[in-house]
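What follows is a set of notes on a single structure, which appears directly below.
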Amino acid sequence: MLLQLRVTVPPDRTERVRELLERDPGTAHLAVLPGAALSPPGDLVLADVARESADGLVDALRALHVDRDGGISIEAVDAAVSRAAERAERAAPGEGADAVVWEQVVRETASESTLSVSYLAFLTIATLLAGIAIVNDSAVLVIGAMVLGPEFGPLAALAVALVHRRPPIARQAARALLVGFAAAILATTAIALAARGLGWLDPGLLTADRPQTGFITAPDRWSVVVAVLAGVAGVLSLTSAKSGALVGVFISVTTVPAAADMALALALGGGAEFAHAATQLGVNLTGILVAALATLGVQRAVWRRVPRARPRPALRHTVAPGNHPADTVANPGRTING
């Protein structure tokens with residue numbers, strides 16, 4: 001499991017970056033292209049590194065202020081056929097499947113928590129689909145609505161932002177959740193009111209027997225258990241790059257169906273139904289968030305204690321006068337932690 005680091009480096013730090021990458025046992029392939037970078041200007045350094053080494057290397061590069069004066073890009077290497085790659089993966093500490101590249105996780109979750117038109121559209125369509133599922137008591141449609149809903153992205157971003165103390169991302173994720181669910185519920189309520197006016201719906205729907213979808217408004221201890229397990233599984237799937245497991249997370253929690261039931265209750269005048277659905281929504285959102293925070297905290301603590309998981313370069317960093325006077329020297333032998 002290799003990642004490619006594409007680093008734009010100011011010429012005064014190219015040699016230190018090259019030495020940093022050469023010393024790391026997880027580096028498989030390394031190339032230095034002097035003067036190849038035009039914006040920002042500098043040298044271009046390409047390195048294929050084991051996933052286990054990537055997080056520590058990124059931290060070390062940031063300690064050299066490469067992220068300020070140059071740039072760091074991270075890309076997945078789909079296949080690397082070489083003995084050097086095999087040696088790097090064996091030499092790097094830990095297991096690639098367990099390694100966490102925190103900066104990559106932060107950036108990915110932040111991008112998924114933007115309050116965009118597409119996010120609002122997907123959440124609204126999912127809520128409408130869940131409303132139709134409740135009307136028809138269709139478990140299949142409920143599952144489809146769960147898979148379509150994009151709400152786990154902002155939930156994961158909020159947890160990551162809180163653990164890594166990124167207030168702007170936390171605010172962005174919280175806004176996406178609140179505004180997104182409010183817009184989806186209001187849109188579904190409006191459609192349900194129109195359907196009621198056409199005679200397609202009546203208040204008796206709320207008290208009718210729904211063996212396939214009745215669980216949506218029946219929050220209990222198992223709702224908490226499912227939400228917690230979903231939060232743990234969702235975070236693990238994100239941090240370990242096993243995105244396929246997210247599908248299981250989406251179909252295990254009833255956030256979107258609960259929002260749809262709230263909308264139907266508003267349209268049909270069911271106060272008790274609304275309260276039950278709101279409780280279910282709150283239980284699931286809270287359970288996922290708390291479990292995600294706990295999982296991220298454990299992962300961060302454990303990964304820091306993996307032997308040699310992070311490079312410990314004895315770098316002496318001298319910045320050109322006037323650039324960053326507060327950061328002119330890094331202590332030799334300093335352990336760099338994210």
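Every letter in the sequence shown is one number past the one before it in UniProt numbering, and letter 171, counting from 1, is 171. Virtual Cβ for every residue (Gly too), placed ideally from N, Cα, C. Owing to the predicted nature of the structure, the values given are computational and were not obtained by experimental measurement.
One question on the structure: do residue i and residue j come within less than 8 Å of each other, judged by their Cβ atoms?
i: residue 256; j: residue 126; result: yes
i: residue 162; j: residue 293; result: yes
i: residue 189; j: residue 261; result: no
i: residue 129; j: residue 120; result: no
i: residue 63; j: residue 3; result: no
i: residue 7; j: residue 70; result: yes
i: residue 235; j: residue 159; result: yes
i: residue 192; j: residue 201; result: yes
i: residue 238; j: residue 114; result: no
i: residue 168; j: residue 91; result: no
i: residue 232; j: residue 291; result: yes
i: residue 228; j: residue 287; result: yes
i: residue 11; j: residue 52; result: no
i: residue 181; j: residue 259; result: yes
Alpha carbon to alpha carbon, how far is residue j from residue i? Give it in angstroms, no decimals.
i: residue 47; j: residue 76; result: 12 Å
i: residue 310; j: residue 295; result: Caution is warranted here: a pLDDT of 44 is assigned to residue 310, below 50, making its placement in the model unreliable, and the coordinate value is therefore given only provisionally. C-alpha separation (whole angstroms): 20 Å.
i: residue 177; j: residue 16; result: 43 Å
i: residue 356; j: residue 144; result: A query on residue 356 cannot be resolved here, the shown segment of the chain reaching from 1 to 338 and no further.
i: residue 319; j: residue 49; result: Any reading at residue 319 is ruled out, since the residue's pLDDT is 42, under 50, leaving its predicted position unreliable.
i: residue 5; j: residue 179; result: 36 Å
i: residue 112; j: residue 157; result: 8 Å
i: residue 315; j: residue 9; result: Bear in mind that a pLDDT of 42 at residue 315, under 50, signals an unreliable position, so the number given afterwards is only what the model happens to contain. Each residue's Cα considered, the two are about 16 Å apart.
i: residue 170; j: residue 283; result: 20 Å
i: residue 197; j: residue 203; result: 12 Å
i: residue 307; j: residue 299; result: At residue 307 the pLDDT is 49, less than 50, meaning the model places this residue with poor confidence; the figure from the coordinates comes in the next sentence. So the two alpha carbons sit approximately 15 Å from each other.
i: residue 219; j: residue 118; result: 30 Å
i: residue 58; j: residue 230; result: 30 Å
i: residue 302; j: residue 123; result: 35 Å
i: residue 172; j: residue 21; result: 35 Å
i: residue 149; j: residue 42; result: 43 Å
i: residue 14; j: residue 34; result: 9 Å
i: residue 84; j: residue 104; result: 24 Å
i: residue 272; j: residue 297; result: 37 Å
i: residue 19; j: residue 66; result: 14 Å
i: residue 107; j: residue 165; result: 13 Å
i: residue 281; j: residue 224; result: 11 Å
i: residue 89; j: residue 45; result: 20 Å
i: residue 61; j: residue 101; result: 14 Å
i: residue 86; j: residue 74; result: 20 Å
i: residue 116; j: residue 23; result: 43 Å
i: residue 132; j: residue 289; result: 28 Å
i: residue 276; j: residue 240; result: 35 Å
i: residue 221; j: residue 36; result: 59 Å
In the DSSP output, what is residue i paired with across the bridge?
i: residue 41; result: 38
i: residue 302; result: The partner list for residue 302 (beta bridge, DSSP) is empty, contrary to what the question assumes.
i: residue 77; result: 2
i: residue 71; result: 8
i: residue 32; result: 45
i: residue 27; result: 49
Hey, does residue i have any beta-carbon neighbour from chain C nearer than 8 Å?
i: residue 117; result: Checking the listed chains, one finds no chain C in this structure; it contains a single protein chain.
Write down every uninterrupted run of the alpha helix (DSSP H) in the stretch 163 to 211 whose length is 4 residues or greater and which is fully enclosed by it, in chain order.
List check, alpha helix (DSSP H) in window: 167 to 197.
Do the stretch 19 to 31 and the stretch 71 to 86 meet, that is, are 3 or more Cβ pairs less than 8 Å apart?
Touching, per the Cβ criterion.
If we count Cβ pairs, one from each stretch, closer than 8 Å, do we get three or more for the stretch 265 to 279 versus the stretch 136 to 143?
Segment contact: the stretch 265 to 279 against the stretch 136 to 143, fewer than three CB-CB distances shorter than 8 Å; contact not assigned.
Whether or not the stretch 205 to 219 and the stretch 149 to 162 are in contact is what I'm after, with contact meaning three or more pairs of Cβ atoms, one per stretch, closer than 8 Å; do they touch?
At 8 Å Cβ cutoff, the stretches do not touch.
With a floor of 4 residues, list each alpha helix (DSSP H) that falls wholly inside the stretch 93 to 159, ordered by position along the chain.
With a minimum length of 4 residues, the unbroken runs of alpha helix (DSSP H) contained wholly in the stretch 93 to 159 fall at 102 to 111, 117 to 136 and 139 to 148.
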